[in-house]
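Written as structure tokens, this is what we have:
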């Protein structure tokens with residue numbers, strides 16, 4: 001997610017191209033395997049959110065944040081410099097993985113998807129209570145990947161489609177990781193078969 005740039009987003013076909021990742025070492029690089037380079041379909045709702053976010057980034061550009069097709073979708077303003085006219089402009093770069101993790105933890109705590117075991121600070125902003133602390137437990141970004149796969153399998157998506165979305169090198173990887181979701185479908189299949197022959 002942190003490696004996505006606007007050139008990877010196709011709003012007409014509603015797809016995202018996954019062709020690089022960006023981790024805590026702050027070096028954009030190719031994904032782990034050939035299958036990890038992929039284009040995935042996205043929902044109309046996500047496409048609308050991305051379109052809205054791009055407009056916000058364009059407003060930031062008017063305020064001096066340089067943006068082009070290489071601007072990360074998830075970015076932070078990492079530097080300032082003077083342009084040819086002598087005005088200070090900010091340059092957008094990939095968001096540091098540690099900063100993203102911190103933002104994600106705080107977002108999850110603020111929205112009841114996680115909690116801190118040690119509360120260091122409480123404050124109210126825009127009428128909403130916020131808590132900051134240490135000892136986080138709750139939702140983590142990678143869990144969203146697992147949730148997507150489990151829900152897709154649970155809704156009957158075929159393994160090849162799930163494998164392609166996740167970028168696994170082979171269906172056997174997907175099968176071994178998500179066999180629990182497939183096993184639950186076995187019970188449904190048994191009941192469905194029973195109703196067909198009864």
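Numbering (the UniProt record's numbering), first residue to last: 1 to 198. C-beta: ideal position from N, C-alpha, C; glycine also.
As the crow flies, the alpha-carbon of residue 18 is around 16 angstroms from that of residue 141. When secondary structure is reduced to three states using DSSP, residue 157 falls in the coil class, being assigned neither helix nor strand.
Per DSSP, the unbroken alpha helix (DSSP H) holding residue 180 starts and ends at 179–197.
Within the same chain, 114, 138 and 139 come within 7 angstroms of residue 108 by CB-CB distance, once the 5 residues on both sides are set aside. For residue 171, the CB contacts under 8 angstroms within the same chain, skipping 5 residues up- and downstream, are 159, 160 and 163 in chain order.
Counting along the chain, residue 130 sits inside the beta strand (DSSP E) bounded by residues 128–138.
Residue state for residue 56 is assigned as helix, using DSSP reduced to three classes. Just measuring C-alpha positions, the residue of 156, 178, 101 and 111 sitting nearest residue 146 is 178. Across the set 119, 198, 129 and 12, the C-alpha of 12 shows the shortest separation from the C-alpha of residue 41.
Bridge pairing for residue 142: absent [DSSP].
Note: residue 121 is bridge-paired with 132 in the DSSP secondary-structure output. Around the CB of residue 29, fewer than 16 other CB atoms lie within 10 Å, so the residue is classed as exposed.
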